[in-house]
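Under the numbering used here, the first residue of the sequence shown is numbered 46, with each subsequent residue one higher.
The structure under discussion appears below in the form of structure tokens.
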Amino acid sequence: MFPNHAHPLVTAPAETAILAMLLAESPLSRVELARRTGLSSTAVTKAARPLIDDGYLHELPPERTAPGAGRPVNPLAVTAEREFFVGVKISADTLYGTVCDLRARTRTSAHRPLGDRDPESVCALLADLVDELLDTKPEFRSRTRHLGIAVSGDVDRDAGRVRYSGLSRWHDVPLAEMASRATGLAVTLENDVKAITVAEHWFGEGIGTEYFALVTIGAGIGSGLVVNGQLLAGAYGVAGEVGHISIDPAGPLCSCGQVGCVEATASSEAILAAVRGATGRPDLDFDGAVQLARGGDPAARDAFARAGHAIGVGIASLVSLFGPERVVVTGEGLDTYDLFGTHIKEAYAAHCFKAAGKCPLTLRPLPWEEWARGAAVVGLQALFP
Ligand SMILES: [Zn+2]
């Protein structure tokens, strides 16, 4: 995170545990918090005290307990407006920004079309967008310290650098430092799929899971993995590249240079190329290919079917490998789920190893603003050690 003076709110393990739990689920009684964290009730009360004093937690009026069940207890809740977080998602042509509270609820959002794509211009526009968001309410300005930025590609979160992003052909850009200088906020930079995985794990479908995966389908096929309750980065920061699992040694060439990757058959570009090739219509765009398939054109339907099969096999490989409790499937590719959803599910069921196939696939359409929320949640993570 940049600048280097991080602002962790909690450092002790007990405080960390109860704050994390209350952010996702609030209110909870001290007894429930103790049960779930394995702490004693006394330890919960002691850990909560500084967070109550700082205004991050508050006590609700006592719950009436059954006669003879002892004295009434005050449940604990997060004070959502105590601090706000800005998130910005950099997409191919637009900056999407949002302000979230401590419960990751979106309080306001805005977007700006991208002009020049060089890092300096993008940073200047990003600073304007952040200003606009923080000017919406005085408390946003006074109670925001952290900005999360999500961008596609190879992102070194610890170093705050975009090592490579295909969006604007960036190479080794120190974006966190630049954005911090431009906005005055502490900046955490993350890959966009990992950012939305964190948001879903902490505040969405993945709450309470130790093993969780999110798969995005569309222009690219990506995934974020949670193992032992933690986002998996991998030794080189690129764990979870489900799109580049090779499923067909004789398959088409992939943009990554390998052959037969899931993405080489299942990305929107790959589907379009297949439909163009099979119909002899190089003029087709993706919407045209979708229309052909929905109209019953066998070649177009077949291209979507093969894409669905590839995605299903890819997800099955992921699930057989690390056994998540749940997989969320999202991305702009969900718009054409009617054309390949059945094929995804069939291939998934056919290729999962034994009990791993119990893991349900949940479809979750996420509009662009939700990606900015993912970035804000990455900013929120800076409260933790
Ligand atoms: Zn590939």
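Even for Gly, the Cβ is constructed at its ideal location relative to N, Cα and C.
Nothing here was measured: the structure is a model prediction, and the numbers come from that model.
Contact set for residue i: own chain, Cβ-Cβ below 6 Å, skip 5 residues either direction
i, result
"Arg188", "Glu128 and Phe129"
"Arg186", "Leu179"
"Thr181", "Thr153"
"Arg409", "Val373 and Thr375"
"Leu277", "Leu270 and Ala284"
CA-to-CA distance, residue j to residue i, given in whole angstroms
i, j, result
"Arg157", "Ile316", "30 Å"
"Thr324", "Glu314", "15 Å"
"Glu250", "Leu298", "34 Å"
"Gly368", "Ala169", "43 Å"
"Arg214", "Val243", "25 Å"
"Gly193", "Leu425", "8 Å"
"Val307", "Ser300", "11 Å"
"Gly198", "Arg208", "8 Å"
"Val304", "Ser86", "56 Å"
"Ala392", "Pro53", "44 Å"
"Ser74", "His289", "45 Å"
"Gly419", "His246", "10 Å"
"His388", "Ala149", "34 Å"
"Gly269", "Met223", "26 Å"
"Val238", "Gly267", "7 Å"
"Pro294", "Ala309", "12 Å"
"Ala311", "Tyr382", "12 Å"
"Arg339", "Asp161", "37 Å"
"Ala350", "Cys397", "19 Å"
"His354", "Leu68", "38 Å"
"Ser210", "Glu370", "31 Å"
"Pro327", "Asp342", "16 Å"
"Phe429", "Ala65", "9 Å"
"Leu96", "Gly302", "51 Å"
"Val272", "Ala421", "22 Å"
"Glu70", "Gly274", "16 Å"
"Ala394", "Ala361", "8 Å"
Cβ shell of residue i (< 7 Å), same chain only, five flanking positions each side left out
i, result
"His50", "Summary for His50: the model assigns pLDDT 48, below 50, so the residue's position carries little reliability; its value from the coordinates is reported in the next sentence. If we look at His50 and ignore the five residues flanking it on each side, it has no Cβ neighbours."
"Ala417", "Gly132, Val133, Lys134, Tyr141, Gly142, Thr143 and Ser154"
"Asp332", "none"
"Leu411", "Ile241 and Thr375"
"Ala79", "Ser85, Ser86 and Val89"
"Ile63", "Leu78, Thr82, Val89, Ala92 and Ala93"
"Tyr256", "Val271, Val272, Phe367, Gly368, Pro369 and Glu370"
Three-state secondary structure assigned by DSSP to residue i
i, result
"Leu192", "strand"
"Glu235", "strand"
"Pro58", "helix"
"Asp161", "coil"
"His52", "coil"
"Trp413", "helix"
"Ala284", "coil"
"Thr181", "coil"
"Gln303", "coil"
"Leu371", "A quick correction: the sequence has Arg, not Leu, at residue 371. Looking at Arg371 - three-state DSSP - the assignment turns out to be strand."
"Ile135", "strand"
"Arg208", "strand"
"Leu170", "helix"
"Arg150", "coil"
"Ser268", "strand"
"Glu255", "coil"
"Tyr141", "strand"
"Thr242", "helix"
"Leu220", "helix"
"Phe129", "strand"
"Ala79", "helix"
"Asp201", "strand"
"Thr228", "helix"
Neighbourhood of residue i by C-beta distance below 8 Å, restricted to the same chain and skipping five residues each side
i, result
"Arg206", "Val200, Asp217, Val218, Pro219, Leu220, Ala221 and Leu234"
"Ala334", "Ile316, Leu317, Val320, Arg321, Ala345 and Ala348"
"Arg59", "Per the sequence shown, the amino acid found at residue 59 is Ala instead of Arg. Only Thr82, Leu84, Ala88, Val89, Lys91 and Ala92 meet the Cβ criterion."
"Leu329", "Leu317, Val320, Arg321 and Leu337"
"Gly100", "Thr124 and Arg127"
"Leu102", "Leu64, Leu67, Ala93, Leu96, Leu121, Ala122, Val123 and Thr124"
"Gly296", "Val304, Gly305, Cys306, Ala309 and Thr310"
Next on the checklist: Give me the pocket residues for ligand 1, defined as CB within less than 5 Å of any heavy atom, sorted by chain position.
Outcome noted: In chain order, the hits are His289, Cys299, Cys301, Gln303 and Cys306.
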